[in-house]
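Encoded as structure tokens, the structure appears first; notes follow it.
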Amino acid sequence: MTDDAERAGQLLALAGPLDEKCADAVDALAIVLAAHHPEAVVVTSAPRDLCAYRDALGQGGTGVRALPVPELAGFLEGERVLL
């Protein structure tokens with residue numbers, strides 16, 4: 102867990118511009134933990150933020166996808182709405 106927390110801290114420093122809020126350690130840690138699981142989907146109200154953390158993770162984050170909360174119903178109906 103310490104390695105995951107350290108990696109989340111690194112993502113906070115590396116991520117590009119985020120939505121209209123401050124960097125979020127919980128979001129960064131969610132991406133680090135999701136990266137441990139192939140083809141992970143993280144449902145979020147801040148998809149741009151999570152995608153910035155995922156992209157900052159590099160190759161380790163390639164299997165992680167973000168699903169904006171408003172798109173959840175479409176996703177459940179089979180629409181391709183993952184970021």
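Take any residue in the sequence shown, count from 1 to its spot, add 101: that is its number in the working numbering. Using N, Cα and C, we set each Cβ at its ideal position, and we do this for glycine too.
One Cα belongs to residue 180, the other to residue 148, and the distance between them is close to 17 Å.
With fewer than 16 neighbouring CB atoms inside 10 Å of its own CB, residue 104 falls in the exposed class. Counting other Cβ atoms within 10 Å of its Cβ, residue 116 reaches 16 or more and is therefore classed as buried. Within the same chain, 143, 145, 148, 151, 152, 184 come within 6 Å of residue 167 by CB-CB distance, once the 5 residues on both sides are set aside. For the pair residue 109 and residue 139, the Cα-to-Cα distance works out to about 18 Å. Annotation for residue 161: 136 place their beta carbon closer than 8 Å to its own, counting only its chain and skipping 5 residues before and after.
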